[in-house]
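Per our numbering, the very first residue in the sequence shown carries number 8; after that it's consecutive.
Beta carbons: idealized from backbone N, C-alpha and C, even for Gly.
Here the structure is laid out as structure tokens; the discussion comes afterwards.
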Amino acid sequence: MKRVAIIQSGYIPWRGFFAAIALCETFVFFDSVQFTRRDWRTRNAIKTPQGIHWLSVPVQQKGNFQAPIDSIRIADPGWWQSHLKSIELSYRRAAHFQDAFPVVRGLFESVADLPTLSQVNQGMITALCRALQIETRFLRDVDLLPREAMAAMQPTERLVKLSAAVGAQIYLSGPSAKSYLDEQEFKALGMQVEWLDYGRFGEPYPQVWGDFVPGVSIVDTLLNLGLDQTRAIVSA
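Next comes the structure, spelled out in structure tokens:
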């Protein structure tokens with residue numbers, strides 16, 4: 008049965024994000040919705056000798072409080088260089104730094120000239136999925152339904168129509184959506200909802216710099232475990 012996930016793009020997300028992608032035949036970037044400040048769209052965490060450090064993408068926020076995610080522009084075109092240097096300095100003692108850091112560097116270099124936050128996030132996610140041999144098809148919500156029509160829909164209706172547009176029988180959702188998602192709307196069109204359990208992605212693995220910290224960027228997983236073991240985790 009064809010499965011779809013519909014999620015906003017995030018900045019170098021954690022391993023659970025990629026596990027959701029790997030479970031689906033189609034993944035839809037849900038970036039026509041409103042941009043929110045100081046969340047996973049613009050930042051993520053890595054481990055350093057001093058503790059958790061947040062890497063934040065600088066964006067042009069003035070006047071953008073109601074703007075959609077896919078309209079937000081990068082404020083500093085050289086932003087990625089400092090992020091890459093922070094990762095290099097923080098993980099050079101990681102077990103798989105030598106083989107995995109070139110992959111990480113390639114991710115940043117591939118998006119260096121992109122002008123918008125969505126393009127950066129989507130570009131890094133799709134490039135990393137290729138490196139992890141995840142063969143999921145990627146689409147944008149605005150490629151499936153008119154932006155104005157989606158803006159007028161209720162949350163569940165929008166997800167139902169996007170799922171139907173890709174011919175999905177199963178909509179894969181994270182547990183946080185249980186507070187608002189109406190499963191009956193999916194059932195009315197012959198689709199079912201599956202809830203992804205992120206619990207297993209909190210299981211510890213060897214990390215540099217002290218006790219295990221869950222939920223950090225997949226960059227941490229790659230550099231500590233390597234490409235092959237990261238691939239096995241997200242595709243299990």
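Quiz item: In the structure shown, what three-state DSSP assignment does Trp202 receive?
Solution: DSSP places Trp202 in strand when its eight states are reduced to three.
Quiz item: Just checking my contact of Leu127 with Ile81 at CB under 8 Å: how many whole Å lie between their CB atoms?
Solution: The amino acid at residue 127 is misidentified as Leu; the sequence shows Val. Contact between Val127 and Ile81 holds, since their C-beta atoms are separated by about 7 Å, short of 8 Å.
Practice problem: Identify whether Gly233 lies in helix, strand or coil by the three-state DSSP scheme. | Solution: DSSP, reduced to helix, strand and coil, places Gly233 within a helical segment of the structure shown.
Quiz item: Thinking C-beta only, is Pro75 closer than 8 Å to Gln41?
Solution: Annotated as proximal: Gln41 and Pro75, with beta-carbon spacing under 8 Å.
Quiz prompt | Within 8 Å, strictly: CB atoms of Arg17 and Trp61 | solution = Note on residue identity: the sequence assigns Gly, not Arg, to residue 17. With respect to the 8 Å criterion, Gly17 and Trp61 are not classified as neighbours on the basis of their beta carbons.
Self-check item: Residue of Thr237, Asp38, Ile28 minimising C-alpha distance to Leu124
Solution: Sorting Thr237, Asp38, Ile28 by C-alpha distance to the C-alpha of Leu124 places Asp38 at the top.
Exercise. Below 8 Å on the Cβ atoms is my guess for Leu179 versus Leu146; work out the distance and round it to an integer in Å.
Key: Contact doesn't hold; Cβ gap of about 15 Å is too wide.
Self-check item: Contact belief for Ala101 with Leu230 at Cβ below 8 Å, rounded distance in angstroms
Solution: Going by Cβ atoms, the distance from Ala101 to Leu230 rounds to 4 Å, so yes, they are a contact pair.
Quiz item: If you run the structure through DSSP and keep just helix, strand and coil, what is Thr143?
Solution: Correct three-state label for Thr143: coil.
Quiz prompt | Coarse secondary structure for Ala102, derived from DSSP in three states | solution = In this structure, Ala102 counts as coil in the three-state DSSP scheme.
Exercise. Could you tell me whether the stretch 166-178 touches the stretch 49-64, using the rule of 3 or more Cβ pairs below 8 Å?
Key: Verdict: no, contact absent.
Quiz item: My guess is that Val35 and Asp148 are in contact by the Cβ rule of under 8 Å, so how many angstroms apart are they, rounded?
Solution: Between the beta-carbon of Val35 and that of Asp148 there is about 6 Å, and that keeps the pair under the 8 Å contact cut.
Quiz prompt | Limits of the unbroken beta strand (DSSP E) element including Thr163 | solution = Premise fails: Thr163 lies in the alpha helix (DSSP H), 162-172, not in any beta strand (DSSP E).
Practice problem: Pick helix, strand or coil for Gly58, following the three-state DSSP scheme. | Solution: Residue state, collapsed to three classes: strand.
Quiz item: Per DSSP, Phe34 forms a beta bridge with which residues?
Solution: DSSP, once it has assigned bridges, lists Ala12, Phe145 as partnering Phe34.
Quiz item: On the three-state DSSP scale, how would you describe Leu91?
Solution: Looking at Leu91 - three-state DSSP - the assignment turns out to be helix.
Quiz item: Within 7 Å: the Cβ of Gln199 and any heavy atom of the ligand MG?
Solution: Ligands displayed in this structure: none; no statement on the ligand MG is therefore possible.
Quiz prompt | For Ala195 and Val5, the rounded distance between their alpha carbons | solution = The shown model of the chain, from 8 to 243, leaves out residue 5, and the question about it has no answer.
Quiz item: Looking at the unbroken beta strand (DSSP E) that takes in Leu179, where does it start and where does it end?
Solution: Annotation: the continuous beta strand (DSSP E) that includes Leu179 extends over 177-180.
Quiz item: When DSSP labels each residue in this structure, what does Thr49 get in the three-state scheme?
Solution: In the three-state reduction of the DSSP assignment, Thr49 falls in the coil class, being assigned neither a helical nor a strand state.
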